[in-house]
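Input: a single structure, listed below in structure tokens.
Residue numbers (the working numbering), protein chains in the order written: chain A, 2 to 416; chain B, 8 to 299.
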């Protein structure tokens, strides 16, 4: 919590002087060294650190790429190939950035499912959760804009498909779309603004991450039991316990990351994006990157364009209100026998939508994506409120310390 | 009331998902039966997988094929002649590469009276394309545009015909074995896929039948045949060998730093693995102080 006493002692004249004027080191010490953290966090709690690592990797590689990239319809594709061929280690910088986007989303999705499973969105962490949803929203926009920059066939047509969605807005759709394009079709001005905003938004993400961490440090971390921290016995200091655990997790994640960068850098991409953008030739299938596939499936599951767009946006925005949709008295799904199968059904639904997003929207595939889209919303709008009301949870440990230090067994038999 | 509500909700969601799964299953079964594009065989490439590396001799043979056969219609505009010398490529000697470069004519601005100037190529020049613009290329090729081959090995792929429930297995298999060479598989299948058209198929004017080309009608005539290009290193010049060699060369053209990347990768992975081990031990020792 933010009000814990600080053990910070300035060690020399300069830090004493600084501490009286700007206690930034005291603040850092309090937040990243002393910070009391529940002692029972599992490895799913390391994804916050992993995501910070991802953001830094994207920022550093992205800034270097921007030094060589040319945001012009005639040169963008060649300039990316120039990076791949002629810039020293340019292929690694670019692959790290491209794979990094996938790794960022992988980590973010795991982080989100962890929050859903352990009820980390519930009071008093609503703002923390909402900031997280804002981050994923800006991440989605940023990643989409970034994917457009190589100006290959898939880049160009993804921009065309997505910007065309704005035409679904009644009355002003056409004008808004042209305003976004900067012309009467996707072209040079579009590419330029996508690049400009793709450079800006990561800093918006960084600012939101700052707020997200601030909010986290006000209310403290949730934990697998979902029981709030009650006494000092429930916690350990962030340093060295979680610094070292997060560090280990980040390196394990970096191993996976490196595997893709060095041995399968194009595995997660699409071969059509190695064909230069051609406004006169539509690719056979326009497919987004894997991390957008569930949303793409939802978009195409709805027969009406406008409602498809609305459903796709709602699929993310519904997350903003789940702190109030979930009526359960307790947080962790660990102690929610009735809700648990629904949770896993929801995970399966997201995976199935991801699979269906990559398939042509026809026949049974379309039917399946409609069914799963329906469950996606039913889960939040019906299951979450209803199950919470009727469920009798298993007995929850009295405290984190109890669950760790062995009184768990007694509470199990009592139940 | 309470249990009724829950039973209904449970039954409803369960039947929902079941219906979804059944729909996916039948959908893909129908597609698999109908067939969506031809079957393409996975090949063994010297450069696929964790230990993959280009074979210098093969790239040199492949370049010979490009020069004698492909280059009359297809460009390689993203490559420079100096790339032929660099490590991890065909590794021609500087003299050999310069001789290759000099065969090209490069436009060199304007002379003092304003007329366009030309000079022989240098190592720093990009590969010169056979046609100066698309219109010229089309008019020389029956209306079809021969694509530039610089990134062709990464710009093509194919879909495996497997039941949907085995798809994740193949995704993981490719991921775990670092197999990214579906583009090469496709090129090889295309180059060896010329057959006589089935009698019930009406071919377009000047089109050729190919087993793996989408729609089976391709404007390019079969470019390779056995013993078409002489090999100086004693390799048997079969059609399959030609197709493999030119494919390997084009794969290198698409991904010229693959050798260096995979080399460095091993060092990075070993470094990270050791660091992970040390951090894990440190974590164990730190956490031994508290019960958790």
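Built from N, CA and C at the ideal position, the CB exists for glycine as well.
Helix, strand or coil: how does DSSP classify residue i here?
i: residue 294 of chain B; result: helix
i: residue 218 of chain A; result: helix
i: residue 280 of chain B; result: helix
i: residue 159 of chain B; result: coil
i: residue 103 of chain A; result: helix
i: residue 82 of chain A; result: helix
i: residue 224 of chain B; result: strand
i: residue 197 of chain A; result: helix
i: residue 380 of chain A; result: helix
i: residue 168 of chain B; result: coil
i: residue 215 of chain B; result: strand
i: residue 178 of chain A; result: helix
i: residue 265 of chain B; result: helix
i: residue 412 of chain A; result: Note that residue 412 of chain A has pLDDT 45, beneath the 50 cutoff, so the model's placement of it is unreliable and the number below is only indicative. Residue 412 of chain A falls in the helix class under three-state DSSP.
i: residue 248 of chain A; result: helix
i: residue 103 of chain B; result: helix
i: residue 158 of chain A; result: helix
i: residue 59 of chain B; result: coil
Residues of chain A with CB under 7 Å from residue i, in chain order?
i: residue 264 of chain B; result: 92
i: residue 279 of chain B; result: 252, 255, 256, 259
Could you give the residue range of the alpha helix (DSSP H) that holds residue i?
i: residue 84 of chain B; result: Residue 84 of chain B -> no alpha helix (DSSP H), and no H or E assigned at all.
i: residue 63 of chain B; result: 63–75
i: residue 191 of chain B; result: 189–198
i: residue 143 of chain A; result: 127–149
i: residue 16 of chain A; result: 14–22
i: residue 251 of chain B; result: 246–261
i: residue 358 of chain A; result: 340–358
i: residue 282 of chain A; result: Unbroken run through residue 282 of chain A: none, as it is neither H nor E.
i: residue 183 of chain B; result: 174–183
i: residue 295 of chain A; result: 294–302
i: residue 27 of chain A; result: 25–30
Within the 9 Å Cβ cut-off, does residue i reach chain B?
i: residue 300 of chain A; result: no
i: residue 237 of chain A; result: yes
i: residue 252 of chain A; result: yes
i: residue 74 of chain A; result: no
i: residue 32 of chain A; result: no
i: residue 96 of chain A; result: yes
i: residue 335 of chain A; result: no
i: residue 85 of chain A; result: yes
i: residue 303 of chain A; result: no
i: residue 242 of chain A; result: yes
i: residue 141 of chain A; result: no
i: residue 266 of chain A; result: yes
Determine whether the Cβ of residue i lies closer than 9 Å to any Cβ atom of chain A.
i: residue 145 of chain B; result: no
i: residue 37 of chain B; result: With a pLDDT of 48 at residue 37 of chain B, under the threshold of 50, the predicted position of this residue should be treated as unreliable, though the coordinate-derived value follows. Chain A, which has a Cβ nearer than 9 Å to the Cβ of residue 37 of chain B, makes this yes.
i: residue 182 of chain B; result: yes
i: residue 140 of chain B; result: no
i: residue 90 of chain B; result: yes
i: residue 187 of chain B; result: yes
i: residue 49 of chain B; result: no
i: residue 164 of chain B; result: yes
i: residue 261 of chain B; result: yes
i: residue 60 of chain B; result: no
i: residue 174 of chain B; result: yes
Kindly indicate the opening and closing residues of the beta strand (DSSP E) around residue i.
i: residue 115 of chain B; result: 112–117
i: residue 124 of chain B; result: 123–127
Please compile the residues from chain B whose C-beta is within a distance smaller than 7 Å of the C-beta of residue i.
i: residue 406 of chain A; result: 298
i: residue 248 of chain A; result: 286
i: residue 245 of chain A; result: 286, 289, 290, 293
i: residue 40 of chain A; result: 297, 299
Listing by chain order, which chain B residues have their CB less than 9 Å from the CB of residue i?
i: residue 82 of chain A; result: 85, 157, 158
i: residue 115 of chain A; result: Within chain B, no residue comes near residue 115 of chain A; the closest Cβ sits about 18 Å away, beyond 9 Å.
Taking Cβ-Cβ distances shorter than 8 Å, what residues in chain B pair up with residue i?
i: residue 66 of chain A; result: Near residue 66 of chain A there are no residues of chain B at all, since even the closest Cβ is about 16 Å away, more than 8 Å.
i: residue 287 of chain A; result: Within 8 Å Cβ-Cβ: nothing; residue 287 of chain A doesn't reach chain B, min ~15 Å.
Please compile the residues from chain A whose C-beta is within a distance smaller than 8 Å of the C-beta of residue i.
i: residue 271 of chain B; result: 93, 263
i: residue 276 of chain B; result: 256, 259, 260, 263
i: residue 282 of chain B; result: 252
In terms of DSSP beta bridges, what is residue i paired with?
i: residue 137 of chain B; result: In DSSP, residue 137 of chain B forms no bridge with anything.
i: residue 1 of chain A; result: Outside the displayed span of chain A (2 to 416) sits residue 1 of chain A, for which this structure offers no information.
i: residue 238 of chain A; result: A:37
i: residue 201 of chain B; result: B:217
Consider the C-beta atom of residue i and the heavy atoms of the ligand MN; say whether any pair is separated by less than 8 Å.
i: residue 71 of chain A; result: The ligand MN is absent from the structure shown, which contains no ligands of any kind.
What does residue i reach in chain A if we use C-beta pairs closer than 9 Å?
i: residue 82 of chain B; result: Result: empty, since nearest Cβ-Cβ is about 13 Å, beyond 9 Å.
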